[in-house]
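Before any comments, here is the structure.
2 protein chains.
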Amino acid sequence: MLRHFLVPEADQVLVSEAAAREGTQAVFEAMGVPLDDAALATDVLITSDLRGCESHGISNQLRIYVDQYRNARLNPTPDVKVLRESVVSATLDADLGIGLQVGPRAMEIAMEKAAEFGMGAVGVQRCGHVGMLAYYPLMALERDMIGVCMVSAGGHIQVPTFGSEPVFGTHPIAWAAPAGRHPPFVFDVATTQVAANKIMLTRRIGSNLEPGWITDLNGEPITERVEAPDYGGFFMPPFGGTRENGSHKGYGFAMIADIMSGILSGNGPGFLAGGNELSQFVMAFKIDAFVDVDEFKRDMDALIDRIVNMKPAAGHERVYYAGLIEHEEAAKRRAEGIPYHREVVDWFNGASAELDLKLRWP
Amino acid sequence: MLRHFLVPEADQVLVSEAAAREGTQAVFEAMGVPLDDAALATDVLITSDLRGCESHGISNQLRIYVDQYRNARLNPTPDVKVLRESVVSATLDADLGIGLQVGPRAMEIAMEKAAEFGMGAVGVQRCGHVGMLAYYPLMALERDMIGVCMVSAGGHIQVPTFGSEPVFGTHPIAWAAPAGRHPPFVFDVATTQVAANKIMLTRRIGSNLEPGWITDLNGEPITERVEAPDYGGFFMPPFGGTRENGSHKGYGFAMIADIMSGILSGNGPGFLAGGNELSQFVMAFKIDAFVDVDEFKRDMDALIDRIVNMKPAAGHERVYYAGLIEHEEAAKRRAEGIPYHREVVDWFNGASAELDLKLRWP
Chain A
2 MLRHFLVPEA DQVLVSEAAA REGTQAVFEA MGVPLDDAAL ATDVLITSDL
52 RGCESHGISN QLRIYVDQYR NARLNPTPDV KVLRESVVSA TLDADLGIGL
102 QVGPRAMEIA MEKAAEFGMG AVGVQRCGHV GMLAYYPLMA LERDMIGVCM
152 VSAGGHIQVP TFGSEPVFGT HPIAWAAPAG RHPPFVFDVA TTQVAANKIM
202 LTRRIGSNLE PGWITDLNGE PITERVEAPD YGGFFMPPFG GTRENGSHKG
252 YGFAMIADIM SGILSGNGPG FLAGGNELSQ FVMAFKIDAF VDVDEFKRDM
302 DALIDRIVNM KPAAGHERVY YAGLIEHEEA AKRRAEGIPY HREVVDWFNG
352 ASAELDLKLR WP
Chain B
2 MLRHFLVPEA DQVLVSEAAA REGTQAVFEA MGVPLDDAAL ATDVLITSDL
52 RGCESHGISN QLRIYVDQYR NARLNPTPDV KVLRESVVSA TLDADLGIGL
102 QVGPRAMEIA MEKAAEFGMG AVGVQRCGHV GMLAYYPLMA LERDMIGVCM
152 VSAGGHIQVP TFGSEPVFGT HPIAWAAPAG RHPPFVFDVA TTQVAANKIM
202 LTRRIGSNLE PGWITDLNGE PITERVEAPD YGGFFMPPFG GTRENGSHKG
252 YGFAMIADIM SGILSGNGPG FLAGGNELSQ FVMAFKIDAF VDVDEFKRDM
302 DALIDRIVNM KPAAGHERVY YAGLIEHEEA AKRRAEGIPY HREVVDWFNG
352 ASAELDLKLR WP
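From first to last, the protein sequence lines are chains A and B. Take any residue in the first sequence, count from 1 to its spot, add 1: that is its number in this note's numbering. Take any residue in the second sequence, count from 1 to its spot, add 1: that is its number in this note's numbering.
Below is the structure:
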């Protein structure tokens, strides 16, 4: 993660993984989410915080979810329906359950189908926020599968190349594959220049945005270093930023996410989706349907060896690949605790008191 | 396509689609490719030229293929073997057949599996150049399927973010989905800033490269407007260009293509692939395994209506989506002919005489 998104040390409060899990699960249970589902949702959020992906962990999100449960925009006990099913695919109606709760179950279905037939894919319509996308492909790794997730995240922030109005959300795409000796490849990116949650994170942290990260409300890129405006005060270009620099590529990947998640699930294009009626696409490829797992992992290690052992470019100490830093950060945070911003800890302790959870951080 | 890649009008020679097909097919047949396979390979190349994707049509490629057949680097009559197969997947050894010949057959297998079971995916190892990736997903559209293609295109041109040496080729990704009233969504991009073939095209055309399109041989981006060096004189950054501008996203998508095409097919990572032992991944999703085709197309039209009917950004006349210009260009070129550079026409007429094809353009 770029330094723009890190919590300054002076503002950090270390909370142990166990305490973070216990507190988060208690909040979901207080919202009426059943025990097992609360554990799933908690695992998505805490995995995100452990991997250093604060933007999609509890810091920004948990209080939003609480508001959404209180306003009946999320259903804590959804009646998830299978709308359509084939041997390798399924389409689910999440009944306004949060994605953190329905998504892991959708990925389980995809993996069961992949285990039996080679591939599995599940579309989910009418779900709430799904959290860090990488979580779902990560689930596939321990089964020697490649995992994929895409989300059509609304339609009110990302402006298409040459356009003046938003049509997409941040529309993220995640993809993961296991390696042998090395940490796995785990890729998870917004198709905008920056994830919207990270823009919000810079507001808490007080850092500036880079030129070209956002556009004004006419879709024109803002090319100075500016403080992040609040939601409603900006739009975002597809990644690439300008046409010459490849924004049509970010735009195309955003449209792929809109199609695979929104349209293929029957939820519709993101810009027509209701405020909390989102969608999700998850998929698993069973590696040994194509090639021996040992050969696959040996080749992954060869590729990763080539990358991490080359001389870094001038000014850099290491050459990374997607998922490497997050893997290392998770090991560190499991041992030392998660460095939340004190404002987040204060929020939790206030919520805990209000909900009578009898828990206090750190 | 950016103006950088267009053939200047003064250098254009219009060749009818029929003449272009007849001549191209005759060249493949003269190389020993059987009639049906020569027709497939020709269709890939001419579809590319019709859609305005000259970089992957006959202009750059056909003479390279002729050289490769003459040097026995391509096998005109490959014995394609099925190495592994499941109900929804297959892995093929192309026996050094050109991708233009084996790839359409691989996509046929994927679509047959998708028609029966909902999805199909095929990995191909040891194939030659596959041409314009969009061709393969385009095949899926008339069957009301979503098509995907990825290629691990060697390992000697794309430098990973923070790295100093190339690990990937241009590693393109293509994805297509049908619409109703509108032309289909057809996305096909290199994961480098620009396709390598397009760099070569600017050499013929005499236009300059934009800042950040290439790097020097230490992996440092060249930030001035320069003439394209020849192959061997440059590397390329992943799309995005710099880390702040999202080059880690292009890099991640390149790694996805390396994994799905190179490693999953058993061909190995691109940087270890032999000069002409490439790989390909093709996939088809049967739309009605997930949602009614009518509903899917209605939603696609709604999304496209929203895009093409919005006010363009200042300085632009239209808002496009991937595949729209190419669709319009194909209609125009079918009617008027394909505007080849006179140098290409001269090459063809020379080759025709040498091979005694008794054909002459235009």
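The beta carbon of each residue, even a glycine, is placed where N, CA and C say it ideally should be. Remember, it's a predicted structure, so these values are computed and weren't measured experimentally.
- For the 8 Å CB-CB criterion, B:L279 and B:G129 form a contact.
- Among the residues of chain B, those whose CB is under 8 Å from the CB of A:A303 are G269, P270 and L273, following chain order.
- Around the Cβ of B:A39, a 10 Å sphere holds 16 or more other Cβ atoms; the residue is buried.
- Rounded to the nearest angstrom, the gap between the Cα atoms of B:F163 and B:F254 is 16 Å.
- Identification of residues in the segment 290-301 of chain B having a C-beta nearer than 7 Å to some C-beta of chain A yields A290, F291, V292, E296, F297, D300 and M301, given in sequence order.
- Selection A:A175, A:I158, A:F118 and A:L97 evaluated against A:M133 yields A:A175 as nearest (Cα-Cα).
- Nearest to B:G124 by alpha-carbon distance, out of A:K287, A:F291 and A:D347, is A:F291.
- Segment contact: the segment 318-338 of chain A against the segment 45-59 of chain A, three or more CB-CB distances shorter than 8 Å; contact assigned.
- Of all residues in the segment 220-250 of chain A, those with a C-beta nearer than 9 Å to a C-beta of chain B are G220, E221, F240, G241, G242, R244, E245, N246, G247, H249 and K250, reading in chain order.
- The continuous alpha helix (DSSP H) containing A:W348 extends over residues R343 to E355.
- In this structure, the CA atom of B:P222 is about 17 Å from the CA atom of B:A191.
- Of all residues in the segment 151-182 of chain B, the ones placed with a Cβ closer than 7 Å to any Cβ belonging to chain A are P161, F163, G164, S165, E166, V168, W176 and A178, in chain order.
- Between the alpha carbons of B:N61 and B:V103 lies a distance of about 20 Å.
- Here the alpha carbons of A:H342 and A:S56 stand approximately 12 Å from one another.
- The segment 230-241 of chain A makes no contact with the segment 222-233 of chain B; the number of CB pairs closer than 8 Å stays below 3.
- When DSSP reads this structure, B:V14 sits in a beta bridge with B:Y341.
- Only residues of its own chain outside the window of five on either side were considered, and among them D302 have a CB closer than 7 Å to the CB of A:R182, listed in chain order.
- Excluding five sequence positions before and after A:M311, the CB atoms of its chain that fall closer than 6 Å to its own CB belong to V320, given in chain order.
- Across the segment 87-99 of chain B, CB contacts with chain A closer than 9 Å involve S87, V88, V89, S90, A91 and T92, in sequence order along the chain.
- A contact between stretches requires three or more CB pairs, one per stretch, nearer than 8 Å, and the segment 262-278 of chain A meets this requirement with the segment 91-100 of chain A.
- Around A:R85, the beta-carbon contacts reaching into chain B at under 8 Å are A290, F291 and V292.
- Interface criterion met: the Cβ of B:V190 is under 8 Å from a Cβ in chain A.
- Contact of A:D259 with chain B by beta-carbon distance below 7 Å involves L304.
- Secondary structure of B:P185 (DSSP, three-state): coil.
- For A:G275, DSSP records no beta bridge to any residue.
- Every alpha helix (DSSP H) of 4 residues or more that sits fully in the segment 46-100 of chain A is shown, in chain order, as 59-71.
- Listed by position along chain A, the residues whose Cβ is nearer than 9 Å to that of B:E211 are E245 and N246.
- Along the segment 125-192 of chain A, the alpha helix (DSSP H) occurs as fully enclosed runs of 4 or more residues at 136-142, listed in sequence order.
- If you draw a 10 Å sphere on the C-beta of B:G234, you find fewer than 16 other C-beta atoms in it, and that means exposed.
- Proximity of chain A to B:S266 at the Cβ level (cut-off 8 Å) is accounted for by F291 and V292, in chain order.
- Excluding its 5 nearest sequence neighbours in each direction, B:P167 has C-beta neighbours in its own chain below 6 Å: H157, I158, Q159, V160 and F236, listed in chain order.
- Segment contact: the segment 339-358 of chain A against the segment 7-19 of chain A, three or more CB-CB distances shorter than 8 Å; contact assigned.
- Distance check between B:F286 and each of B:A73, B:P179 and B:L84 places B:P179 closest, using alpha-carbon atoms only.
- The segment 204-217 of chain B and the segment 205-214 of chain A do not touch, with fewer than three beta-carbon pairs separated by less than 8 Å.
- DSSP links A:F236 through a beta bridge to A:T216.
- For B:R307, the enclosing alpha helix (DSSP H) has its first and last residue at V294 to V309.
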